[in-house]
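Structure record follows, encoded as structure tokens.
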């Protein structure tokens, strides 16, 4: 080993030593958290709480929500312990889907705090999640403002839908080239957004998750509005394009009224998140003007 | 098929040296920056006052993975060598007789149908459910293929290969059906599982893999003369006094068990079983007495290198090792094909 690499090694050892010392003293308020955020909905909340200076890495679903320079740790169910440890985090925050368990155990053994936050599909779950993350990041004051903002949004929706007797029927279609068209049933964030917006998802009664569907089945559901994600909408720009892809759709009220709307793709990943509520409000304003 | 180019002893010595070098590299190289000295110190017994994370990374991550890589790579390679000898088909690998397809279907069943239920199970069972199903799936498909290929006149290798294709197709259809009923998470888990990974190396898995390797190698090695005789043709082997029927049955079942266990421990890992025996034959010739040890050494070596790439190349992300073995193996296989074609013409 030459002099240079010896110096490098000793410096590295020193830094690692210091960082493990830092891990040991996370309780002190002066020490900044080093959070790995595993899940778009967690990252959205961290951003909204203005705590993103504490984020050292994110998972793949949060890719679009952070600066390009922030390392990506891959899929949140396939986290690699050593790779995560190499970023010397103090916290790993994610949903109960985060894993594998062996990685989480190893991280905990090495002194990283593994925080599993609520990942449900209801507004109540979202509010709990905000509180949990606010506590972790020590940004409780901002959480209050954020929850107030959410409540204002929800009140707006409630006022707008208070007098609606028959809610509009809205279907969310997921379209990828070369694959059958999928429809969002129950247990999807798309379904939660539709319901939250004061509309009805006619697919939710018979289908759960995303399932391929025939044009005929869509016609029987008679949707008033068709929803696409922004990702799909970059290829299918209007109702004509959609009908060209699925001609039977012409026989739905949505086609007659040319009612094609889009929601942000990122609002659909990782449970009901802040963006999902934003999108629900926009959807509500679009369908009940 | 291949000319013997080097003395077997030299090849052994070189491979063992490379294997030791790769093994040590795999312990000192990783996404986490740990000095060579510290990494190696952590391996020695006694208290060396190392930082906690250093000893954790070395003992719980790098060492188990390194050990597991060798055993899994070696099992896949010797099973590939035996199956290629048995079928006298250079394309034979565990996939071709339906083992991998069946194991994949078994694992998919576990992931899609049982994972949602396993939350309430004890943790050990939770970890074991996919491997157990993978193994059962592999075993059932092998038995089916063998039964289909066997009648009172003996086992027909051609029928077995065709049955293997059919079983793989049926497994594919089953997988398709499961894909349809699976939710997004299960789908994603399924596709990741199908590429194989050594990330969940546990000591139980390592002990199982080494026992399997030891038993398989001893068993195969006892049959090397018979396998050599079989290279001349089945009728010729029978004339030389080999009970070909029994030999085929026993070897296929042991291969299936071996591969089934590797799939259970770390998912399907392709191309090692297909490519490594070819490399072995290029180096030491087709004699199974030298081919088996060299395949074991090279299989272990290549999987070690592939795993090092898988966990370090895209840090802090980790790739499934199956992607790396395919990227290393497939071009090499094409090279072999082209080379063989030019030799023939």
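Protein chains in written order, with full-length UniProt numbering: chain A, 1 to 289; chain B, 1 to 345. Ideal Cβ placement from N, Cα and C applies to all residues, glycine included.
Range of the contiguous beta strand (DSSP E) that encloses residue i
i              : result
residue 291(A) : Only positions 1 to 289 of chain A appear in the structure, and residue 291(A) is not among them; the question remains open.
residue 37(A)  : 35–38
residue 103(A) : Here residue 103(A) belongs to no beta strand (DSSP E); instead the alpha helix (DSSP H) covers 101–109.
residue 210(A) : 210–212
residue 87(A)  : Unbroken run through residue 87(A): none, as it is neither H nor E.
residue 182(A) : 182–184
Below-8 Å beta-carbon distance, residue i vs any chain A residue
i              : result
residue 60(B)  : yes
residue 77(B)  : no
residue 307(B) : no
residue 191(B) : no
residue 361(B) : Past the boundaries of the shown model lies residue 361(B); chain B is included only from 1 to 345, so the question cannot be answered.
residue 156(B) : no
residue 263(B) : no
residue 112(B) : no
residue 57(B)  : yes
residue 188(B) : yes
Local conformation of residue i per DSSP, three classes
i              : result
residue 22(B)  : helix
residue 228(A) : strand
residue 62(A)  : helix
residue 48(B)  : coil
residue 245(A) : helix
residue 93(A)  : strand
residue 218(B) : helix
residue 260(A) : strand
residue 141(B) : helix
residue 279(A) : helix
residue 115(A) : strand
residue 248(B) : helix
residue 73(A)  : coil
residue 200(A) : strand
residue 33(B)  : coil
residue 57(A)  : strand
residue 154(B) : strand
residue 98(A)  : coil
residue 234(B) : helix
residue 346(B) : Any question about residue 346(B) goes unanswered here, given that chain B covers just 1 to 345.
residue 200(B) : coil
residue 253(A) : helix
residue 286(A) : helix
residue 265(B) : helix
residue 8(B)   : helix
residue 240(B) : coil
residue 223(A) : coil
residue 187(A) : coil
Minimum Cβ-Cβ distance from residue i to chain B less than 8 Å
i              : result
residue 231(A) : no
residue 121(A) : no
residue 163(A) : no
residue 83(A)  : yes
residue 118(A) : no
residue 216(A) : no
residue 173(A) : no
residue 25(A)  : Low per-residue confidence applies at residue 25(A): pLDDT is 43, beneath 50, and the placement is therefore not dependable, though the value from the model is reported in the following sentence. False, the Cβ-Cβ gap to chain B never drops below 8 Å.
residue 86(A)  : yes
residue 106(A) : yes
residue 89(A)  : no
residue 95(A)  : no
residue 167(A) : no
residue 178(A) : no
Run of the alpha helix (DSSP H) containing residue i, from where it starts to where it stops
i              : result
residue 335(B) : 321–344
residue 168(B) : 157–181
residue 75(B)  : 63–87
residue 152(A) : 140–161
residue 123(A) : 123–137
residue 223(B) : From DSSP, residue 223(B) is part of no alpha helix (DSSP H); its letter is neither H nor E.
residue 106(B) : 99–109
residue 186(B) : 184–193
Residue i: CB within 7 Å of a non-hydrogen atom of the ligand GDP
i              : result
residue 165(B) : This structure lacks the ligand GDP, and indeed carries no ligand of any kind.
Exercise for the section: Please list the residues of the region 24–55 of chain B that have a C-beta atom closer than 9 Å to any C-beta atom in chain A, keeping them in chain order. Expected result: Interface annotation for the region 24–55 of chain B against chain A: 30, 31, 32, 33, 34, 35, 36, 37, 38, 51, 52, 53, 54, criterion Cβ-Cβ distance under 9 Å.
Practice task
Closer than 9 Å, Cβ to Cβ, to anything on chain E: give me those residues from the region 52–79 of chain A, in chain order.
Solution key: Structure shown: chain E not included; protein chains present are A and B.
Problem - Residues from the region 292–319 of chain B in contact with chain A, defined by Cβ distance under 7 Å - result: Going along the region 292–319 of chain B in chain order, one finds 311, 315, 316, 317, 318 with a Cβ nearer than 7 Å to chain A.
Problem - Within the region 274–325 of chain B, ranges of the alpha helix (DSSP H) (whole runs, at least 4 residues) - result: The qualifying runs are 288–312.
Exercise for the section: Select from the region 244–275 of chain A all residues with a C-beta closer than 9 Å to any C-beta belonging to chain B, and list them in chain order. Expected result: Residues: none.
Exercise for the section: Compile a chain-ordered list of the residues in the region 192–216 of chain B whose CB is closer than 8 Å to at least one CB of chain A. Expected result: From the region 192–216 of chain B, only 192, 197, 199, 200, 202 have a Cβ closer than 8 Å to chain A.
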